[in-house]
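The structure under discussion appears below in the form of structure tokens.
There are 2 protein chains.
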Amino acid sequence: MEQIPEELKGLLGKPELQLGIGDLAHVTGVSQSQLRYWESKNYIQSIKTSESKNRKYSLKTIGEVHFIKNFLDEGFTLTAAVKKAEKRKEFINFMRKVIIDRFEALTEVDGHPAIDLGPLEGQSDQNIFAILIDQEIILRLLPAK
Amino acid sequence: MEQIPEELKGLLGKPELQLGIGDLAHVTGVSQSQLRYWESKNYIQSIKTSESKNRKYSLKTIGEVHFIKNFLDEGFTLTAAVKKAEKRKEFINFMRKVIIDRFEALTEVDGHPAIDLGPLEGQSDQNIFAILIDQEIILRLLPAK
DNA sequence: CGTGTAAGGAATTCTGACACG
DNA sequence: CGTGTAAGGAATTCTGACACG
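Below you can see the structure in the form of structure tokens.
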């Protein structure tokens, strides 16, 4: 068994993970001029360090832009899309927290790679493991080691 | 209950998520000249599209660079660090698969946000839910809806 | 309102060479 | 081997203006 490196878990919440405007535009399919306009209206934020004049975007913002874009594509106005995306943000944060808090350790079960997801409620001696068997993920309850 | 948008899950495996060399250097703490050298030795790959001469790096490569960097910091030679990182890659892919395959739906349990992680092995009528209660994640076994 | 474009300057990245060791 | 730097050119991003609607 080995610990999941802090760096790996951290990647998902790391404020250091940031993209330039070209990369964000590419990932999300939102144009650079849209991104600049949205920022001018305070719908999204970019990071500007004192050393650089160029925009950087955090992983959090990548998610926000994604959601806004999706609502736009569904036919909402920009302001409506922003509002709807706001609510989705809570869920993104939640997902990230599950990953960061719950992917406790990499291990093996019967020779298969597995992630220890920690104890099941009310059974502190039994943990849930996600196990990779034949390219399928299976959830199994096993004694905590 | 709402489906976890494909885009959100896809973000983690998306080939479109790519960083420039400056951003990768910033996230990982590895210098640009190191990244170029590692690529010249085929330890890592970058994406070069026909339109651009500049390097782009995938999320997969971000993870690889992270691991190599960590082993370097622990005192391994570059070639040893590359070999050790190679093995870790399997685990990264596995973690990603768990997230993509198992974060089935966003829902609520007793008014708390929750993620349906799917059935527990051998109990196809009972699913494991990750529930956010007081900033803590709890795993609970509940009837699948 | 929301997005695109042309323009000129600023910041970033490119390659190949060379230094150090 | 593995990394850094100075150099000049190429690609990217910047802002403010203007167009369209």
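Protein chains in written order, with numbering that gives the first Met the number 0: chain Y, 0 to 144; chain X, 0 to 144. Virtual Cβ for every residue (Gly too), placed ideally from N, Cα, C.
Top-ranked residue by Cα proximity to residue i, from the options
i        : options                                  : result
Y/Asn69  : Y/Glu120, Y/Val29, Y/Leu141 and Y/His25  : Y/Val29
X/Ile132 : X/Asp115, X/Ile67, X/Asp109 and X/Arg87  : X/Asp109
Y/Lys83  : Y/Glu103, Y/Ala113 and Y/Tyr42           : Y/Tyr42
Y/Pro118 : Y/Ile136, Y/Tyr56 and Y/Lys144           : Y/Lys144
Y/Ser19  : X/Arg54, X/Arg87, X/Ser39 and X/Lys40    : The identity of residue 19 of chain Y in the sequence shown is Gly, whereas the question assumes Ser. Considering only alpha carbons, the answer is X/Arg54.
X/Arg35  : X/Glu15, X/Ile130 and X/Tyr56            : X/Tyr56
X/Ile46  : X/Glu15, X/Asp72 and X/Lys40             : X/Glu15
Y/Pro112 : X/Pro142, X/Leu23, X/Lys40 and X/Phe90   : X/Phe90
Y/Asn92  : X/Gln134, X/Thr27, X/Leu77 and X/Leu138  : X/Gln134
Y/Ile137 : X/Leu138, X/Val97, X/Ile130 and X/Arg139 : X/Val97
X/Leu58  : Y/Gln17, Y/Arg139, Y/Ile114 and Y/Ser39  : Y/Gln17
Y/Arg95  : Y/Gly74, Y/Ile130, Y/Gly62 and Y/Arg139  : Y/Gly62
X/Ile114 : X/Asp100, X/Ile99 and X/Ile130           : X/Ile130
Rounded separation between residue i and residue j - CA only
i        : j        : result
Y/Glu107 : X/Ser51  : 43 Å
Y/Trp37  : Y/Asp124 : 50 Å
X/Gln122 : Y/Glu120 : 17 Å
X/Val81  : X/Ile67  : 6 Å
Y/Phe128 : X/Thr48  : 40 Å
Y/Gln31  : Y/Asn126 : 46 Å
X/Asp22  : X/Leu141 : 43 Å
Y/Val64  : Y/His25  : 12 Å
Y/Ala104 : X/Asp72  : 21 Å
Y/Thr78  : X/Lys86  : 46 Å
X/Thr27  : X/Lys88  : 16 Å
Y/Thr60  : X/Thr76  : 37 Å
Y/Asp100 : Y/Leu116 : 9 Å
X/Gly74  : X/Gln33  : 16 Å
Y/Lys40  : X/Ser39  : 43 Å
Y/Gln44  : X/Phe102 : 28 Å
X/Lys139 : Y/Arg139 : The displayed chain sequence assigns Arg, not Lys, to residue 139 of chain X. Cα-Cα distance, rounded: 13 Å.
First through last residue of the alpha helix (DSSP H) which encompasses residue i
i       : result
Y/Gly21 : Ile20 to Thr27
X/Tyr42 : Taken as a continuous stretch (DSSP letters only), X/Tyr42 belongs to no alpha helix (DSSP H), as it is neither H nor E.
N- and C-terminal bounds of the beta strand (DSSP E) containing residue i
i        : result
X/Gln125 : Gln122 to Ile132
Y/Glu135 : Glu135 to Pro142
X/Lys55  : Lys55 to Ser57
Alpha helix (DSSP H) runs wholly inside the region 71-120 of chain Y, at least 4 long, in chain order: 77-101
Residues of the region 64-83 of chain Y with Cβ closer than 9 Å to any Cβ of chain X, in chain order: His65, Phe66, Lys68 and Asn69
Contact list for the region 21-53 of chain X against chain Y, Cβ threshold 7 Å: Asp22, His25 and Val26
Interfacial residues, the region 90-103 of chain Y to chain X, with Cβ spacing under 8 Å: Phe90, Ile91, Phe93, Met94, Lys96, Val97, Ile98, Asp100, Arg101 and Phe102
Residues of the region 127-143 of chain Y whose Cβ lies closer than 7 Å to any Cβ of chain X, in chain order: Ile127, Ala129, Leu131, Ile136, Ile137, Leu138, Arg139 and Leu140
Cβ-based contacts, 9 Å cut-off: residues of the region 106-118 of chain Y near chain X: Pro112, Ala113, Ile114, Leu116, Gly117 and Pro118
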